[in-house]
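This note's numbering puts the first residue of the sequence shown at 1203, with every later residue one more than the last.
The C-beta atom is built at its ideal place from N, Cα and C for all residues, glycine as well.
Computed from a predicted model, the values in this text were never measured in an experiment.
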Amino acid sequence: MNKMNVSSLPEPTVLVTVNAEDKKPNIITIAWRGVFSHSPATVYIAVHPARYSYSMLKESMEYVINIPSENLVKLTDYCGIVSGKNVDKFKETGLTPIPASIVRRSGL
Ligand SMILES: Cc1cc2nc3c(=O)[nH]c(=O)nc-3n(C[C@H](O)[C@H](O)[C@H](O)COP(=O)(O)O)c2cc1C
């Protein structure tokens, strides 16, 4: 059997959490993400400017990539359908924002 090409494996959709001054923490579902570099470790996400999260990201320049487990599949879809402009996604999903240890703003 040929060696499997790792780049052809399915990769997970992620839940990206964002926060900004005077705003509630938000969650956006992202399929378009990846690794720029292993050394230094650098990841990227692609967020359309029309997303509410985009303005939060532009302001804070910080985000956290969360890899959802299988039991969060519906919730991952939900966060990719509704906007944080209209809905508190943490409240609606029951997910809890907790302070990050190395990201500046709390609640990411
Ligand atoms: C499975 C899935 C993957 C998605 N991937 C992306 C993505 O890579 N980039 C993006 O800008 N939007 C993506 N979206 C759309 C956003 O998650 C969606 O527009 C979301 O409601 C934006 O939330 P916000 O307005 O709170 O920022 C995806 C949606 C789904 C369901």
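Going by DSSP, what residue range makes up the beta strand (DSSP E) through residue i?
i       : result
Thr1231 : 1228-1232
Using a Cβ-Cβ cut-off of 7 Å, state whether residue i counts as contacting chain B.
i       : result
Ile1229 : No chain B appears in the structure shown, which is made up of a single protein chain.
What does a CB cutoff of less than 6 Å around residue i pick up in its chain, not counting 5 residues either side in sequence?
i       : result
Asn1244 : The sequence shown places Thr at residue 1244, not Asn. Closer than 6 Å at the Cβ level, and outside the excluded window around Thr1244, lie Phe1238.
Tyr1254 : Ser1285, Gly1286, Lys1287
Thr1295 : Leu1277
Let me check one thing: in DSSP terms, what residues is residue i bridge-paired to?
i       : result
Val1220 : Asn1228
Quick one: what's got a C-beta closer than 7 Å to residue i's C-beta in the same chain, skipping five residues either side?
i       : result
Leu1259 : Val1220, Val1249, Tyr1265
Met1263 : none
Please list the terminal residues of the continuous alpha helix (DSSP H) segment that includes residue i.
i       : result
Glu1294 : 1291-1295
Identify, in the order they occur along the chain, each residue of the same chain with its Cβ nearer than 8 Å to the Cβ of residue i, setting aside the five sequence neighbours on each side.
i       : result
Lys1291 : Asn1228, Ile1229, Tyr1280, Cys1281, Val1284, Leu1297
Q. What residue ranges within the segment 1236-1282 form continuous alpha helix (DSSP H) runs of no fewer than 4 residues, ordered along the chain?
A. 1254-1262, 1275-1280
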